[in-house]
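Let me begin by presenting the structure, written as structure tokens, before commenting on it.
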């Protein structure tokens, strides 16, 4: 079964890398440039997992997650946050923000794929 | 440069392009921070820009860049969160950081060296700020960012020498009891178990005893737990990685099954989950052992763990795609990067197309086809299309001058720091678009002009205060479109040109005769003479030797013109006027003395037919023409170009009224106007150098070659002879 993944990041480089890693691993990959754009994409998509950056213009990652969790249709979807943050408060912050898991940038594609399988099957 | 089928190289190239954009955004944000017009969004955008650069740089193992961006970002984060309020000095430091960051990006891209001293100094200043604010920052400063589990545990350095080489246990016993929160955050134990099963032979025993009766069942509650035995070669950290996202949201106990306990051994008693926490030392092992991509947040020496080298990607990339499942990205605004060479080729082809179309039009006209015939109509549409294509192609090459202007703000900062003046650069019209080549070739002359403005244009601070001006000097850089050309102005609010001194210097240097009487504007233009330098002491900044004459010839090389206006005590403005494009221009095809010439349309204000009453004699050899009450010098194009002697009578001749940048005008006499059309510019510079009065050449529709004139140059250097030598008969009143 092909997993559908939505990846949200405002950095084009990061989006390129996500696309490369995700499509390379056989995921159906959708990309969005910021939280707002991500929500728009979600209107027509039910992904098996979402990956989102935290620092983004318009609507940041946590705002995005909050909005997603409020939607009946998407509230159970596993969401991984992408972050370069140092680890100190990372986990708690991610969980407080409603994230399922986290990926530290720069990410290892194989690890990203493993993480996705861990949360989305 | 980049292998077309190496996706990492492509992403790397696009990363550097993105960096330029991010640096621009950062610069812009810093500018508003300096103005005081920054809100939290602005500061956030600067932070984000630096953050994104760091993120990308990490992916390509650009450690120096990561390190610097990280330090900068740390301080910006403090600003963002309101813990640190930067003063003017700190903002200057931020600007320097932006500059160095941009140096580092270029250094990484082009593999050029950077000023390591400056970087170290700046890093130290950043750390001083960060340290002042919060010691914690210094702590996290150079911590690698672990990929797995909780790295946040303060630990006594044992993490790095984790027993990676220790013999792997034969297996693990795991007790796993999800809590409610685990489900709420979107985790699914099934997938966790599945991931675990991929590490080896797994036996999982479901403990469902806690599941209440259906009536009492809370569907969101957590009632299940598992006892797992995993026979695996995998290390503890690999096992823990599987539980990374659920650790802390479940009861979890992982113990090594080293002894290969014989089957039938009673499993360990169900642990007391409430007291259970996997945050033991093992958690740290995982960080060190888990090979991939520790985030080098700082000066880490973990070479063997270089983040994400390209080959790591290969297997992922090589994994077969599942048909069309990998859908197109949903990203809205797509851009394509194209080799500049290809665009240039397209520009050239369109140039040829324009010529071709002109030739075709001419043939059709000569064939005498009726104006309404299908061929003529079709041709008209073809002309329109050609023009549209041309415009579109030119637009591809056009870029906003913003990036150029931002580079200038760095020049101002560096220049003012070098000579100890406080200077602010104001930019205007950054969005104005100019041909890419023009932008590139403007950088040097503009840099020189900006330095000049800071160094010579602005007075010393004391003098400014004495003159009742603010201590801070202002240099304004503006761009805009004016009558089909791009006008870029560099002004300062300094003391203006000291004309007495300019005159004296010019006489001293023998540039002009001692008894010259010059107008103000003529004196100002002496600055453009080769070998002219006014600063009595030559500073390290403006340097020696390179003068405004070089600036002028670079601008002319772009088909542009430069002019000065200055008011004593108020300041000086240099105005550069450039063609929109270097490839094509709208021209008027005229005949003079049997020659066919092209005059750029944008230089012509209007065309008139001379009647006898308009011409007034002025001096022995020159005439002026009265146009609506104003007297304008009359110039014979044929005479100026050396084609013929002045005519006896210009009555009935056609004049082209030419306007200079400074508003003065001149009337050029031609014999007839043939046509108005677009012509493709074929440069003469390479073969002939700069020919006075001639801008370039072109090929007309009939294949004839015609010179494209530079009417401003002609009229500025004209002899003005419009009276025949032998007699002075004509004085028409």
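Residue numbers (the working numbering), protein chains in the order written: chain A, 24 to 144; chain B, 13 to 745. Built from N, CA and C at the ideal position, the CB exists for glycine as well. Owing to the predicted nature of the structure, the values given are computational and were not obtained by experimental measurement.
heavy atom of the ligand ADP below 8 Å from residue i C-beta
i: residue 445 (chain B); result: Because no ligand of any kind appears in the structure shown, any question about the ligand ADP cannot be addressed here.
Exposure of residue i, with buried meaning 16 or more beta-carbon neighbours within 10 Å
i: residue 202 (chain B); result: exposed
i: residue 97 (chain B); result: exposed
i: residue 298 (chain B); result: Its pLDDT being 41, under 50, residue 298 (chain B) is placed unreliably in this model, and the value from its coordinates should be taken loosely. Classification of residue 298 (chain B): buried, given that the 10 Å Cβ count is 16 or more.
i: residue 525 (chain B); result: exposed
i: residue 260 (chain B); result: buried
i: residue 700 (chain B); result: exposed
i: residue 350 (chain B); result: exposed
i: residue 778 (chain B); result: Nothing in the structure corresponds to residue 778 (chain B), since chain B is present only between 13 and 745.
i: residue 520 (chain B); result: exposed
i: residue 407 (chain B); result: exposed
i: residue 136 (chain B); result: exposed
i: residue 704 (chain B); result: exposed
i: residue 443 (chain B); result: exposed
i: residue 78 (chain A); result: buried
i: residue 223 (chain B); result: exposed
i: residue 35 (chain A); result: buried
i: residue 564 (chain B); result: buried
i: residue 218 (chain B); result: exposed
i: residue 87 (chain B); result: buried
i: residue 497 (chain B); result: buried
Terminal residues of the beta strand (DSSP E) in which residue i lies
i: residue 686 (chain B); result: 684-692
i: residue 56 (chain B); result: From DSSP, residue 56 (chain B) is part of no beta strand (DSSP E) but of the alpha helix (DSSP H) over 52-71.
i: residue 36 (chain B); result: No beta strand (DSSP E) holds residue 36 (chain B); the alpha helix (DSSP H) holding it covers 19-47.
i: residue 190 (chain B); result: 183-190
i: residue 267 (chain B); result: 262-268
i: residue 490 (chain B); result: 485-494
i: residue 438 (chain B); result: 435-440
i: residue 132 (chain A); result: Element bounds for residue 132 (chain A): not the beta strand (DSSP E) but the alpha helix (DSSP H), 132-143.
According to DSSP, residues forming a beta bridge with residue i
i: residue 214 (chain B); result: B:242
i: residue 586 (chain B); result: B:502 and B:576
i: residue 30 (chain A); result: A:54 and A:74
i: residue 535 (chain B); result: Residue 535 (chain B) pairs with nothing; no bridge assigned.
i: residue 661 (chain B); result: The partner list for residue 661 (chain B) (beta bridge, DSSP) is empty, contrary to what the question assumes.
i: residue 629 (chain B); result: B:635
i: residue 648 (chain B); result: B:681
i: residue 609 (chain B); result: B:602 and B:719
i: residue 445 (chain B); result: B:412
Cut-off 6 Å between Cβ atoms - residues of its own chain near residue i, not counting five sequence neighbours on either side
i: residue 101 (chain A); result: 72, 123, 142 and 143
i: residue 190 (chain B); result: 201, 234 and 262
i: residue 31 (chain B); result: 65 and 117
i: residue 28 (chain A); result: 45, 50, 52, 70 and 72
i: residue 459 (chain B); result: 423
i: residue 48 (chain A); result: 136
7 Å CB neighbourhood of residue i in its chain, flanking five on each side removed
i: residue 116 (chain B); result: 76, 77, 80 and 126
i: residue 609 (chain B); result: 602, 718, 719 and 721
i: residue 59 (chain A); result: 81 and 82
First and last residue of the uninterrupted alpha helix (DSSP H) at residue i
i: residue 390 (chain B); result: 386-409
i: residue 414 (chain B); result: 414-431
i: residue 377 (chain B); result: 352-378
i: residue 104 (chain B); result: 100-122
i: residue 124 (chain A); result: No alpha helix (DSSP H) contains residue 124 (chain A), which is instead part of the beta strand (DSSP E) from 124-127.
i: residue 449 (chain B); result: 448-464
i: residue 473 (chain B); result: 473-478
Sequence-distant residues of its chain with Cβ nearer than 8 Å to residue i (five each side left out)
i: residue 561 (chain B); result: 540, 541, 542, 543 and 544
i: residue 494 (chain B); result: 589
i: residue 509 (chain B); result: 535, 536, 539, 576, 578, 580 and 584
i: residue 395 (chain B); result: 369 and 373
field: Contact list for the segment 62-79 of chain A against chain B, Cβ threshold 7 Å
entry: 64 and 78
task: Check distances from the C-beta atoms of the segment 82-101 of chain B to those of chain A and list, in chain order, the residues that come in under 8 Å.
output: none
- request: Using a Cβ-Cβ cut-off of less than 9 Å, give me the residues of the segment 34-64 of chain B that come near chain A, in sequence order.
  value: 34, 53, 56, 57, 59, 60, 63 and 64
Cβ-based contacts, 9 Å cut-off: residues of the segment 89-108 of chain A near chain B: 92, 98, 99, 100, 101, 102, 103, 105, 106, 107 and 108
query: In the segment 16-30 of chain B, which residues sit with their C-beta less than 7 Å from some C-beta in chain A, listed in chain order?
result: 19, 23, 26, 27 and 30
task: Return the residues of the segment 108-125 of chain B that lie within a Cβ-Cβ distance of less than 9 Å from chain A, sorted by chain order.
output: none
message: Along the segment 34-58 of chain A, where does the CB come closer than 9 Å to a CB of chain B? Name the residues.
response: 34, 35, 36, 37, 38, 39, 40, 42, 43, 44, 45, 46, 47, 48, 49, 50, 51, 52, 53, 54, 55 and 56
field: Against chain A: residues of the segment 196-216 of chain B by CB proximity under 8 Å
entry: 197, 198, 199, 200, 202, 203, 204, 206 and 207
message: Please list, in chain order, the residues of the segment 254-273 of chain B that have any C-beta partner in chain A closer than 8 Å.
response: 254, 256, 257, 260 and 261
Positions along the segment 65-78 of chain B whose CB lies within less than 7 Å of some CB in chain A: 66, 67, 68, 70 and 71
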